[in-house]
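Trainee: Going down the list, the protein sequences come from chains L and V. Everything in the first sequence is counted per the working numbering, starting at 3 for the first residue and increasing by one. Everything in the second sequence is counted per the working numbering, starting at 37 for the first residue and increasing by one.
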Amino acid sequence: MPPLSAQNTTHEPVLLDHGALEEVRGVMKDKFPEVLSYFLEDSAVYVQQIVEGFVAGKAEAVVLPAHTLKSSAKQMGAMRLWDCSQILEATVREIVKGTGDLGQIAPMISQIQTVFQETRNAYTSK
Amino acid sequence: MTNADKKALTVMLVEDDRTQRTLISEIVSRLGCTVVTAVDGKEALIRIAQEPCDLVLMDIEMPGMDGTKTARMMTAMAGRGEISAIPIIALTGSSRNLMRENCRAAGMEEVMMKASTPGEWSAALYELLNRWFPKATLATPHERTA
Chain L
3 MPPLSAQNTT
13 HEPVLLDHGA
23 LEEVRGVMKD
33 KFPEVLSYFL
43 EDSAVYVQQI
53 VEGFVAGKAE
63 AVVLPAHTLK
73 SSAKQMGAMR
83 LWDCSQILEA
93 TVREIVKGTG
103 DLGQIAPMIS
113 QIQTVFQETR
123 NAYTSK
Chain V
37 MTNADKKALT
47 VMLVEDDRTQ
57 RTLISEIVSR
67 LGCTVVTAVD
77 GKEALIRIAQ
87 EPCDLVLMDI
97 EMPGMDGTKT
107 ARMMTAMAGR
117 GEISAIPIIA
127 LTGSSRNLMR
137 ENCRAAGMEE
147 VMMKASTPGE
157 WSAALYELLN
167 RWFPKATLAT
177 PHERTA
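#1: Who are the Cβ neighbours of L:Q88 in its own chain at under 6 angstroms, not counting the five residues just before and after it?
#2: Of all the options V:D95, V:A74, V:D102, V:M148, which has the alpha carbon lying nearest to the alpha carbon of V:E87?
#3: In the stretch 7-79 of chain L, which residue ranges form an unbroken alpha helix (DSSP H) of at least 4 residues, counting only runs that do not cross its ends?
#4: Excluding sequence positions up to five away, which residues of its chain have a Cβ less than 8 angstroms from the Cβ of L:F118?
#5: Taking the straight line between their C-alpha atoms, what separation do you get for L:Q115 and V:M94?
#6: Whose CA, out of V:P154, V:R167, V:L45, lies closest to the CA of V:E146?
#7: Please work out which residues of its chain come closer than 6 angstroms, Cβ to Cβ, to V:A126, disregarding the five sequence neighbours upstream and downstream, and give them in chain order.
#8: If you follow the alpha helix (DSSP H) that L:T126 is part of, which residue opens it and which one closes it?
#9: Would you say V:A82 faces chain L, with C-beta separation under 9 angstroms as the test?
#10: Please classify V:I84 as buried or exposed, where buried requires at least 16 other C-beta atoms within 10 Å of its C-beta.
#11: What three-state label does DSSP hand V:E137 in the structure shown?
#12: Using only the alpha-carbon positions, how far apart do V:G155 and L:A22 sit?
#13: If we count the other Cβ atoms within 10 Å of its Cβ and call it buried at 16 or more, is V:S130 buried or exposed?
#14: What distance in whole Å lies between the Cβ atoms of V:V64 and V:V47, which are believed to be in contact at a cut-off of 8 angstroms?
#15: CB-CB under 6 angstroms to V:G100, same chain, minus the five flanking residues each way: which ones, in chain order?
#16: Please report the straight-line C-alpha distance between V:T114 and V:K105, rounded to a whole angstrom.
#17: If you reduce the DSSP assignment to three classes, tell me which class L:D85 lands in.
#18: Judging by CA-CA distance, which residue of L:G79, L:A61, L:K31 is the nearest neighbour of L:R95?
#19: Any C-beta of chain V sitting closer than 9 angstroms to the C-beta of L:L90?
#20: Excluding the 5 residues flanking V:R108 on each side, which residues of the same chain have their C-beta closer than 6 angstroms to its C-beta?
#21: Which of helix, strand or coil does DSSP assign to V:I96?
#22: Who are the near neighbours of V:C69 in its chain, counting only those whose CB is closer than 6 angstroms to its CB and skipping five residues on each side?
#23: Quick check on L:P4: buried or exposed, where buried means 16 or more other Cβ atoms within 10 Å of its Cβ?
#24: Do you know how far the Cα of V:V50 is from the Cα of V:Q56?
#25: Could you tell me which chain V residues have their CB closer than 7 angstroms to the CB of L:V26, listed as they occur along the chain?
#26: Using a Cβ cut-off of 9 angstroms (strictly closer), state whether L:V159 contacts chain V.
#27: Buried or exposed, going by whether 16 or more other CB atoms sit within 10 Å of the CB of L:K99?
#28: Express the C-alpha separation of L:L38 and L:T121 in angstroms, rounding to a whole number.
#29: Run through DSSP, which three-state label would V:M37 get?
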């Protein structure tokens, strides 16, 4: 069960899990701003790669950026971004295996772009 | 055992993502280990031949040469006597059983989930290092958070 700080009443994960974020801050100490800037810069690249893979009709090109985004988002407490990424990754893996078509991820592509913007705003407004 | 018998471990971390590489490096450093990093499989194979390590932490899903292939090549290098045999721990964000089977088939000793929190991750790695390297100098939980 996720920590209470990672839940809300609609069962959609919160944007940021502040408990997880504080744990990372505690480990990184004065290097925290550096790791946060890496996360925001590289997540923007992964989202772009996801969009480009989708536009090019290449499901396999979406898998790795979605996977990496999933892992780093979880570690940085970006729970809604993690949730979107894991659903996207699982879906495109099935598409790569021949189950479903790429068109079904169109709403997920739109959502992950929006959630990333919201996540970035939430970090930078703190 | 005296302190003179103890030694600090050198750990190679192979991870393409900067965020995770930076965070995991810090966690491993806080355990008292020296960390050598590589950003992909090719760099890992070059560095492992140049810098002796006690342990490799290997990301599995990387662009280009993935962790499974890199581990197989390290195992082959050790088999030819080009490097010492080094335990490899797979780091993965996937809980799929097939992934675990592939990691073990590639010669990796353990699989650790990357999605754990830093505290959980540090505790799991400490327990494993303590078991595998009883003579190693490792930081206590108190020292890790100082």
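The C-beta atom is built at its ideal place from N, Cα and C for all residues, glycine as well.
Mentor: The answer reads as follows:
#1: Walking along the first sequence from the start, residue 88 of chain L turns up at place 86. Taken in chain order, the residues that qualify are K72.
#2: Taking the first residue of the second sequence as 1, we reach residue 87 of chain V at position 51. Of the listed residues, the one whose Cα sits closest to V:E87 is V:A74.
#3: As far as the stretch 7-79 of chain L is concerned, its whole alpha helix (DSSP H) runs of at least 4 residues are 20-30, 34-57, 62-77.
#4: In the first sequence, the residue the question calls residue 118 of chain L occupies position 116. These residues qualify, in order along the chain: S45, A46, V49, L83.
#5: Here residue 115 of chain L refers to the residue found at position 113 when the first sequence is read from its first residue. Here residue 94 of chain V refers to the residue found at position 58 when the second sequence is read from its first residue. Going from the Cα of L:Q115 to the Cα of V:M94 covers about 29 angstroms.
#6: As a first step, residue 146 of chain V must be located in the second sequence, where it is residue number 110. Of the candidates V:P154, V:R167, V:L45, the residue whose Cα lies closest to the Cα of V:E146 is V:R167.
#7: By one-based count along the second sequence, residue 126 of chain V stands at place 90. Hits under 6 angstroms: M94, I96, C139, M144, V147.
#8: On the first sequence, residue 126 of chain L is found 124 positions in, with the first residue counted as 1. Judged by DSSP secondary structure, L:T126 falls within the alpha helix (DSSP H) whose first and last residues are 108-126.
#9: Your numbering for residue 82 of chain V matches position 46 in the second sequence. The amino acid at residue 82 of chain V is misidentified as Ala; the sequence shows Ile. So no, V:I82 is outside the interface.
#10: The residue given as residue 84 of chain V occupies position 48 in the second sequence. When all chains shown are included, V:I84 counts as buried.
#11: As a position in the second sequence, residue 137 of chain V is number 101, starting the count at 1. DSSP places V:E137 in helix when its eight states are reduced to three.
#12: Here the question's residue 155 of chain V lines up with position 119 in the second sequence. Here the question's residue 22 of chain L lines up with position 20 in the first sequence. If you take the alpha carbons of V:G155 and L:A22, they lie about 10 angstroms apart.
#13: Position 94 of the second sequence, counting from 1, holds the residue named residue 130 of chain V. Buried is the call here.
#14: Locating residue 47 of chain V in the second sequence gives position 11, counting from the first residue. Locating residue 64 of chain V in the second sequence gives position 28, counting from the first residue. The Cβ separation is near 5 angstroms, so the contact holds.
#15: The residue labelled residue 100 of chain V in the question sits at position 64 within the second sequence. Closer than 6 angstroms at the Cβ level, and outside the excluded window around V:G100, lie D76.
#16: Within the second sequence, the letter at position 78 stands for residue 114 of chain V. Within the second sequence, the letter at position 69 stands for residue 105 of chain V. Per the sequence presented here, residue 114 of chain V reads as Ala, with Thr not at that position. Between V:A114 and V:K105, the C-alpha separation is close to 14 angstroms.
#17: Looking up residue 85 of chain L in the first sequence gives position 83. Note: L:D85 maps to helix in three-state DSSP.
#18: On the first sequence, position 93 is the one that residue 95 of chain L refers to. Among L:G79, L:A61, L:K31, the Cα nearest to that of L:R95 belongs to L:A61.
#19: As a first step, residue 90 of chain L must be located in the first sequence, where it is residue number 88. Answer no: the Cβ-Cβ gap between L:L90 and chain V never drops below 9 angstroms.
#20: Along the second sequence, one-based indexing puts residue 108 of chain V at 72. A142, listed in sequence order.
#21: By 1-based counting over the second sequence, the position of residue 96 of chain V is 60. The answer is coil: DSSP assigns V:I96 none of H, G, I, E or B.
#22: Counting from one through the second sequence, the residue named residue 69 of chain V turns up at place 33. The answer, listed in chain order, is L45, V47.
#23: In the first sequence, counting from the first residue as 1, residue 4 of chain L sits at position 2. Here the model assigns L:P4 a pLDDT of 48, short of 50, so the residue's position is not dependable, and the following value carries that caveat. That one is exposed.
#24: For the purposes of this step, residue 56 of chain V is identified with residue 20 of the second sequence, where counting begins at 1. For the purposes of this step, residue 50 of chain V is identified with residue 14 of the second sequence, where counting begins at 1. If I take the Cα positions, the gap works out to 10 angstroms.
#25: Position 24 of the first sequence holds residue 26 of chain L. What L:V26 touches in chain V, judged by beta-carbon distance under 7 angstroms, is L59, P154, going in chain order.
#26: Examination of residue 159 of chain L is not possible in this model, given that chain L is present from 3 through 128 alone.
#27: Residue numbering aside, residue 99 of chain L sits at position 97 when the first sequence is read from its first letter. Answer is exposed; the Cβ neighbour count stays below 16.
#28: Start at 1 with the first residue of the first sequence, and residue 121 of chain L comes out as number 119. Start at 1 with the first residue of the first sequence, and residue 38 of chain L comes out as number 36. The alpha-carbon separation between L:T121 and L:L38 amounts to approximately 12 angstroms.
#29: Position 1 of the second sequence, counting from 1, holds the residue named residue 37 of chain V. Any answer about V:M37 is weak, because its pLDDT of 45 lies below 50 and its placement is not dependable; what the coordinates show is given next. Of the three classes helix, strand and coil, the one that applies to V:M37 here is coil, per DSSP.
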